[in-house]
Structures are given as structure tokens and as C-alpha cells.
Amino acid sequence: MAAVSSKYSIQEPGIDSILSSNDDLPVPPIENSEEHEKKDFDKTTSVAFTLPITTKKNAFLVIGVPTKKRLKASYLVQTLRDLIGGLDDEEKNEVIIVVLITDFSPSSVQSVQRELFSAFPKEISSGLVRVIAAPRSFYPSLDKVQPLWGDKPERIRWRSKQCLDYAYLFNYSKDLGQYYLQVEDDVSTVKGYLKEIKGFIVANQNRSWSMLEFGARGFIGMMYRASDVGRLATFVKIYYWVFPIDILFRQFNDFHLYGNPDWLKYRPPLFLHVGAFSSLDGQVRKLEDIEVSHRMYKDSSNPPAKVSTSIRDFTKNYISAVYSTNLHGMFWGKTVKEGDFILIKFHSPVRISKLIVESGGTVAPEDYFGGSRVLYSQGNDKGQCENFILWQEFGEIGQVKLQSNEDNGTLCQCLKIEITKIRKDNKGRPRWLAIREIAVWVI
Numbered sequence: 001m002a003a004v005s006s007k008y009s010i011q012e013p014g015i016d017s018i019l020s021s022n023d024d025l026p027v028p029p030i031e032n033s034e035e036h037e038k039k040d041f042d043k044t045t046s047v048a049f050t051l052p053i054t055t056k057k058n059a060f061l062v063i064g065v066p067t068k069k070r071l072k073a074s075y076l077v078q079t080l081r082d083l084i085g086g087l088d089d090e091e092k093n094e095v096i097i098v099v100l101i102t103d104f105s106p107s108s109v110q111s112v113q114r115e116l117f118s119a120f121p122k123e124i125s126s127g128l129v130r131v132i133a134a135p136r137s138f139y140p141s142l143d144k145v146q147p148l149w150g151d152k153p154e155r156i157r158w159r160s161k162q163c164l165d166y167a168y169l170f171n172y173s174k175d176l177g178q179y180y181l182q183v184e185d186d187v188s189t190v191k192g193y194l195k196e197i198k199g200f201i202v203a204n205q206n207r208s209w210s211m212l213e214f215g216a217r218g219f220i221g222m223m224y225r226a227s228d229v230g231r232l233a234t235f236v237k238i239y240y241w242v243f244p245i246d247i248l249f250r251q252f253n254d255f256h257l258y259g260n261p262d263w264l265k266y267r268p269p270l271f272l273h274v275g276a277f278s279s280l281d282g283q284v285r286k287l288e289d290i291e292v293s294h295r296m297y298k299d300s301s302n303p304p305a306k307v308s309t310s311i312r313d314f315t316k317n318y319i320s321a322v323y324s325t326n327l328h329g330m331f332w333g334k335t336v337k338e339g340d341f342i343l344i345k346f347h348s349p350v351r352i353s354k355l356i357v358e359s360g361g362t363v364a365p366e367d368y369f370g371g372s373r374v375l376y377s378q379g380n381d382k383g384q385c386e387n388f389i390l391w392q393e394f395g396e397i398g399q400v401k402l403q404s405n406e407d408n409g410t411l412c413q414c415l416k417i418e419i420t421k422i423r424k425d426n427k428g429r430p431r432w433l434a435i436r437e438i439a440v441w442v443i
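The UniProt record's numbering puts the first residue of the sequence shown at 1, with every later residue one more than the last.
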């Protein structure tokens with residue numbers, strides 16, 4: 001068995017013999033449901049909905065992307081843009097990207113569905129992107145999962161449901177292509193990643209491998225042969241309540257495949273984690289892999305502008321760096337007060353379609369917006385900014401994101417991000433403010 005945290009150290013008897021068959025195994029019983037006990041895995045994995053209705057199969061690579069609504073930030077659309085933008089036209093015929101919406105709330109599912117169909121109509125229609133949701137009946141009750149490892153009840157429910165989400169996604173994807181690769185909804189990738197993956201497969205074609213690793217951590221960038229994914233799904237479905245997914249898949253490799261040797265890791269990683277806010281109730285986490293000198297939103301316009309702020313910077317972490325497309329860097333400001341602002345004055349008026357401001361980050365994950373609002377000015381005949389108009393207000397959130405409601409974008413000479421509330425530490429002291437990126441899209 002692979003080395004795991006002592007917190008999660010356990011030996012499960014009989015797993016190897018249970019998994020010696022290629023047949024689908026019975027689903028673990030759901031509380032007070034004799035009928036469900038009789039159903040096999042595939043019969044419980046019908047789809048609540050799928051886009052598009054007509055889909056392609058026989059891909060070379062299937063990429064699974066589970067997504068859940070986050071309270072403080074959303075990275076899904078940008079993640080998909082990266083995955084799609086990293087492929088050339090021919091490669092798009094070799095890939096299927098399956099997005100699994102894991103929320104139970106119908107309104108959340110519909111919201112993501114609309115957002116993706118609006119952002120990727122061509123890709124969904126062609127079958128490159130497939131959007132699915134699992135039926136609620138797939139999930140057992142998570143309120144009475146046996147507590148293990150000293151985890152709090154909310155974490156037990158979260159990690160148990162995450163395992164079930166993954167199991168559903170694995171099983172759905174197992175027959176769609178030759179290989180299955182898992183990412184999350186908050187990653188950045190490099191152009192040409194499919195060529196690199198193919199090259200690494202060829203380089204290891206004479207070796208026995210459980211999976212190949214193309215990510216930096218966790219389950220991100222893990223690639224299995226599709227022929228193994230069905231049994232992985234069943235394994236995770238059975239033991240969803242025992243371990244987090246990051247340990248379960250390693251155990252599956254040890255019990256059933258060829259272990260977890262270091263040589264199966266591709267370096268440098270092709271898929272990097274960029275999200276600072278967890279899907280576990282928006283908790284802040286230090287899990288970002290992307291360097292502060294790298295832009296997250298490589299497709300943004302960021303037209304020429306002068307960027308200034310009323311907030312004092314810490315050790316030359318200048319505000320202009322977070323807007324720059326060439327010498328990108330991080331801003332870290334101290335002595336933040338209500339009414340402080342960041343001002344972007346464009347060299348000439350532009351029509352803005354979208355704005356994203358990323359706060360917090362690896363270096364300072366707690367130093368994000370406590371409250372803010374975005375204002376804009378169309379400027380006067382002399383190019384001076386006056387008569388600012390409120391665009392949108394935000395509460396305590398890491399990612400400030402807004403879009404124009406106008407077809408031709410919103411005319412702006414200046415943008416102002418104003419602090420309306422400061423965050424405080426556990427001693428009541430004002431927190432600093434870290435800005436990792438300002439991205440502006442224009443028409």
C-alpha cells in the first residue's frame with residue numbers, strides 16, 4: 001500500500017479478491033432501500049440531463065471536470081477555455097471534456113448549465129464539451145456516514161460526496177475513449193498538452209503502469225486507461241465513506257494495478273491548480289500551484305492603461321504588475337481602509353465586456369476583499385474621469401467578477417474598484433489586501 005497520512009492509516013481485508021473480477025459489482029446498500037440494493041452500478045447511473053443530446057464517442061482522451069458552486073470565486077469557464085484553447089483544430093476531434101455538475105440544488109445546476117451553454121455553444125453542439133448532472137437517487141444518505149479519523153461531520157459529508165461524484169463521473173466516462181484524465185474546475189494548463197500526453201504514453205509503452213500523472217498535486221492530471229476506469233469507479237463507490245479520494249485512488253492502484261512509482265510523473269506538470277477557495281463552503285486553502293508571475297486569464301484584453309491605488313504597497317509589490325501582460329506580478333497592500341480604491345485609467349475609451357479581479361492567493365490566502373464595489377466613468381471631452389457610476393457591489397469574496405449587460409460592452413474611460421469593508425484577523429486587526437490579477441475583456 002502506498003504511504004498515506006497516519007490520520008488515514010488502515011488496512012481493508014479482502015479488497016484484492018473483491019476486485020479480481022472485471023464485472024460491475026453491486027452498489028452498497030442505501031439506508032432503508034431494499035430495491036436499490038438489487039441494482040448494479042450501471043443501472044443507478046442514469047443521467048439527470050446531458051448537453052448535447054447527440055454526442056460523439058471513441059475519443060483518444062476523455063477529460064473529466066467535476067464542478068460545484070463556490071461561495072467566493074468561480075473558475076470553471078476559464079478552466080474550460082484553457083482546456084479547449086490548448087488544443088488545435090484536429091486535436092479537438094480526439095478529445096471529449098465531460099463536465100459533471102455536482103450540486104444538488106436545481107437552481108445551481110441550471111445556472112451552471114446556462115453559463116456553459118452561453119460560453120461554449122459551438123463546443124457543446126460539436127460534442128467536444130459534454131455537460132451532465134447525476135440524478136439525486138444515485139447518492140445514499142450522507143448524514144449517517146460512520147465518523148473516521150477525527151474528521152468533523154461537515155468534512156465527512158463533503159469528502160464522502162466528493163468520492164461519489166468522482167465515481168459517477170468515472171463510470172459515465174469509461175466507454176467514451178481510450179484514456180481518462182481527471183482535472184478540477186480551477187486549473188490552468190499549457191498549450192499543446194495533448195501532444196505531451198501522447199509522447200509520455202509512447203515513452204512508457206513497454207512499462208506496466210497504473211496511471212500517468214500530469215498534474216502537480218491531488219487527483220489533478222491523473223490519467224488512467226479507460227479499461228481500468230470502470231473498476232476504479234466501483235472501488236470508489238464501495239469505499240466512499242472510508243477515505244478521501246486522494247487516498248482511495250492510490251489504494252486502488254496498489255491493490256489492483258501496478259502501484260504508485262515515482263517514474264509515472266510527467267514534469268513539469270501540464271495542469272496547475274489556481275483556485276484559492278475550496279468547494280467546502282468557500283474555505284480558503286493554500287493549494288495554488290501557479291506562480292504569481294504567471295497570468296491566469298491569458299485571453300483577456302487588458303488594453304493600455306495607467307493603474308494606480310490609494311493603498312500603500314508592501315516591499316515594491318506594485319499595483320501595475322497585476323494588470324500587466326508582460327511583467328506580471330502580485331500586489332500586496334497594507335493599511336487598507338474603507339474608501340481605498342484601485343483606479344484603471346485607459347489611454348482611450350474602451351467598451352468592456354467583462355472584468356475579473358482576483359484577490360488573496362498562495363502568498364496571502366486570507367488577504368482578500370471584505371467588501372467592494374466597481375464603478376466606471378465614461379470620461380469627458382478632455383479624457384478626464386468624473387461622474388462615476390456604480391456598476392456592481394460585492395460582499396466578502398475573493399473573486400470580483402462582472403459582465404456587461406450591453407451587447408456592445410460598457411463604454412469606460414476609467415474603472416474604479418473601491419473598498420467598502422475591510423477584513424479583520426482573529427485579533428480584530430485589519431487585514432492587508434493581496435491582488436493577484438486584474439483582467440479586462442473589451443469588444
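Every residue, glycine too, gets a C-beta built ideally from N, C-alpha and C.
Contacts around residue i, its chain only, beta-carbon distance under 6 Å, and the 5 residues preceding and following it disregarded
i	result
F341	S310, K416, E418
V322	F331, I435, E437, I438
S308	L343
P394	One detail in the question is off: residue 394 reads as Phe in this sequence, not Pro. Here the set comprises S372, V400.
G370	E396, K421, I422, R423
V109	I101, D103, A133
G215	G221, P269, F271
residue 445	This structure gives no information on residue 445, because the portion of the chain shown stretches from 1 to 443.
Y172	none
Where residue i sits in the DSSP three-state scheme
i	result
K122	helix
S359	strand
L176	coil
V236	helix
V373	Looking at the sequence shown, residue 373 is not Val but Arg. R373: strand per DSSP, three-state reduction.
F138	helix
L100	strand
L257	coil
residue 477	Only positions 1 to 443 of the chain appear in this structure, which leaves residue 477 out of reach.
P269	coil
G127	coil
I63	strand
R295	coil
V112	helix
K427	coil
I438	strand
R70	coil
I443	coil
V145	coil
V77	helix
V95	strand
Contacts around residue i, its chain only, beta-carbon distance under 8 Å, and the 5 residues preceding and following it disregarded
i	result
F388	L375, Y376, S377, C414, K416
L327	A321
D143	R157
N253	A2, S210, M211, G259, N260
Cβ-heavy atom distance, residue i to the ligand ATP, below 7 Å
i	result
I220	Judged by which ligands are present, the structure shown has none, so any question about the ligand ATP falls away.
Spatial neighbours of residue i in its chain, beta-carbon cut-off 7 Å, leaving aside the 5 residues before and after
i	result
Y193	G86, L270
N380	E386
T102	P66, T67, K68, D165
K334	R312, F314, W432
Q403	S353, K354
Nearest-angstrom beta carbon gap, residue j and residue i [assumed within contact, 8 Å]
i	j	result
I97	L83	6 Å
V95	A59	6 Å
I356	Q392	Contact doesn't hold; Cβ gap of about 12 Å is too wide.
V183	V65	6 Å
T420	R373	6 Å
W241	Q146	6 Å
residue 446	G177	With the chain represented from 1 up to 443, any question about residue 446 goes unanswered, as that position is not in the structure.
R225	Y179	6 Å
Query raised in the report: Would you call the region 102-122 and the region 146-156 in contact, with 3 or more CB pairs under 8 Å?
Result: no
Query raised in the report: Can you find at least 3 beta carbon pairs, one from the region 259-266 and one from the region 159-175, that sit closer than 8 Å?
Result: Too few Cβ pairs lie closer than 8 Å, so no.
Report task. State whether the region 170-190 contacts the region 218-228, with contact taken as three or more CB pairs (one from each stretch) at a distance under 8 Å. Result -> yes
**Report entry** In chain order, each alpha helix (DSSP H) run of at least 4 residues that lies wholly inside the region 175-223
**Finding:** Runs found: 193-203.
**Report entry** Segment contact, 8 Å Cβ cut-off, at least three pairs: the region 222-236 with the region 293-304
**Finding:** no
Query - Runs of beta strand (DSSP E) lying entirely within the UniProt domain "MGAT4 A/B/C C-terminal" (305-421), each at least 3 residues, in chain order - result: 305-309, 331-334, 341-359, 371-377, 389-394, 399-403, 410-421, all fully within the UniProt domain "MGAT4 A/B/C C-terminal" (305-421).
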